[in-house]
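Peer 1: Residue numbers (the working numbering): 9 to 345.
The structure follows.
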Ligand code: SF4
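So this is what it looks like as structure tokens:
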């Protein structure tokens, strides 16, 4: 089977105790069956601790009980006690995999990293990172496809056109959104066998006209961290002035590639899901909400502090991914409304 990934995928390495926002806090760690057997049979006091912190959550998943919002095995040196005591192979699948995401399309496979990991995000938002794609054989057999091969070809073809839009240096953030919207709408028209007309304004003004509604929507979702809630609450009282908008537009023009990489990520990760849903606009809406949220929150921080650091720009995008994209409930809500 052919597998496709970006060069950064292979270059990723967890920065462990240097991580500014470890995946060992706030998130539940689901313990898969194989790991459960290993943990059940682990000996000594460490085995006792493993067994004492496993519980079943409301969804029926076996998880570790968090202690002060931290994984109980994340030690004071910000290192993993399971890794230290039992070795890397004893990590459960969730921890072994994160932030690696495997997308299986039966006859081919794609891999990407998660934006919720700060180190992965740093690699993925770097200039040119999304242009370096690698395709290789992965020594596994193709699986039988249960989808329409004509439709997957159509989706792959249009996705290439979207990537071409995103790699065009002459196009800004809003030009890209506009063109991607047009491309998505044309596929949706083909899938639905009817003609949809593109009538959405993707200018900065149009984007920001509904900024309070966007923040309200984000506040209405499930929220995991105080950091995200506080940021949204503060931003909910902010109405951008004309001078703030102009100053931010000038500032962010130097970092448009980060927004383009963000769009690329969403298209790479979600566009081909339409093979099941036949709903291409769902992917566009998810992408556009991520871009809009990042733009509004970065503008708010920029206007408040008079500047914006790379860490702040990245933090906004990473927090959004952690809070919205990685929450099953939130994605379910956004895609069903
Ligand atoms: S978030 Fe990423 S870099 Fe940080 S601890 Fe987890 S895998 Fe490592």
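Quick reminder that beta carbons are idealized off the backbone N, C-alpha and C, glycines included.
Residue 332 to residue 144, Cα distance in whole Å?
Peer 2: When rounded, the distance between both Cα atoms is 32 Å.
Peer 1: For the beta strand (DSSP E) containing residue 110, list its first residue and its last residue.
Peer 2: Residue 110 -> beta strand (DSSP E) spans 108-112.
Peer 1: Tell me the DSSP secondary structure of residue 62 in three-state form.
Peer 2: If DSSP states are grouped into helix, strand and coil, residue 62 belongs with the strands.
Peer 1: Mind pulling the alpha helix (DSSP H) runs of 4 or more residues that sit fully within the stretch 165-218?
Peer 2: Complete alpha helix (DSSP H) runs here, min 4: 181-200, 212-217.
Peer 1: Do you know how far the Cα of residue 291 is from the Cα of residue 203?
Peer 2: Rounded to whole angstroms, residue 203 to residue 291 spans 19 Å at the Cα level.
Peer 1: Whole angstroms are fine: how far does the CA of residue 224 sit from the CA of residue 237?
Peer 2: Each residue's alpha carbon lies about 11 Å from the other.
Peer 1: I'd like to know whether the C-beta atoms of residue 261 and residue 313 end up nearer to each other than 9 Å.
Peer 2: No, these two residues do not count as a Cβ contact at 9 Å.
Peer 1: Please determine whether the Cβ atom of residue 22 lies at a distance below 8 Å from any heavy atom of the ligand SF4.
Peer 2: Correct: residue 22 has its Cβ closer than 8 Å to the ligand SF4.
Peer 1: CB-CB under 7 Å to residue 63, same chain, minus the five flanking residues each way: which ones, in chain order?
Peer 2: Closer than 7 Å at the Cβ level, and outside the excluded window around residue 63, lie 71, 73.
Peer 1: Measure the C-alpha to C-alpha separation of residue 338 and residue 295 and round it to an integer number of angstroms.
Peer 2: The straight-line gap from Cα to Cα measures roughly 14 Å.
Peer 1: Compare the Cα-Cα distances from residue 139 to each of 325, 310, 322, 272 and report the closest residue.
Peer 2: Taking only the C-alpha atoms, the option nearest residue 139 is 272.
Peer 1: Note the first and the last residue of the continuous beta strand (DSSP E) segment covering residue 144.
Peer 2: Where residue 144 is concerned, the enclosing beta strand (DSSP E) stretches over 141-145.
Peer 1: Does any heavy atom of the ligand SF4 sit closer than 8 Å to the C-beta of residue 34?
Peer 2: For the ligand SF4, not one heavy atom lies less than 8 Å from the Cβ of residue 34.
Peer 1: Going by the DSSP bridge assignment, what does residue 237 pair with across the sheet?
Peer 2: In the DSSP output, where bridge partners are listed per residue, residue 237 has none listed.
Peer 1: Given that a residue counts as buried once 16 or more other Cβ atoms are within 10 Å of its Cβ, and exposed if not, what is residue 325?
Peer 2: Under this definition residue 325 is a buried residue.
Peer 1: Say yes only if the C-beta of residue 125 is nearer than 8 Å to one or more non-hydrogen atoms of the ligand SF4, and no if none qualify.
Peer 2: Because some heavy atom of the ligand SF4 lies under 8 Å away, the Cβ of residue 125 counts as near it: yes.
Peer 1: Tell me the rounded alpha-carbon separation between residue 302 and residue 322.
Peer 2: Between residue 302 and residue 322, the C-alpha separation is close to 9 Å.
Peer 1: Check residue 33 in the structure and name its three-state DSSP category.
Peer 2: If DSSP states are grouped into helix, strand and coil, residue 33 belongs with the strands.
Peer 1: Can you tell which of 267, 317, 283 has the C-alpha that lies nearest to the C-alpha of residue 297?
Peer 2: Nearest of 267, 317, 283 to residue 297, Cα basis: 267.
Peer 1: From the DSSP output, in three-state form, read off residue 332 for me.
Peer 2: Three-state result, residue 332: helix.
Peer 1: Hey, quick one: how far does the beta strand (DSSP E) through residue 51 stretch, first residue to last?
Peer 2: Run containing residue 51: none; DSSP gives neither H nor E here.
Peer 1: Nearest to residue 57 by CA position, among 38, 36, 81, is which residue?
Peer 2: Taking only the C-alpha atoms, the option nearest residue 57 is 81.
Peer 1: What distance in whole Å lies between the Cβ atoms of residue 210 and residue 182, which are believed to be in contact at a cut-off of 8 Å?
Peer 2: About 5 Å separates the two Cβ atoms, so the contact holds.
Peer 1: Closer than 8 Å to a non-hydrogen atom of the ligand SF4 - does that hold for the CB of residue 106?
Peer 2: At least one heavy atom of the ligand SF4 is nearer than 8 Å to the Cβ of residue 106, so yes.
Peer 1: Out of curiosity, what's the CA-to-CA distance linking residue 160 and residue 284?
Peer 2: Rounded to whole angstroms, residue 160 to residue 284 spans 10 Å at the Cα level.
Peer 1: Less than 8 Å separating the Cβ of residue 27 from some heavy atom of the ligand SF4?
Peer 2: Yes, since a heavy atom of the ligand SF4 falls inside the 8 Å radius drawn around the Cβ of residue 27.
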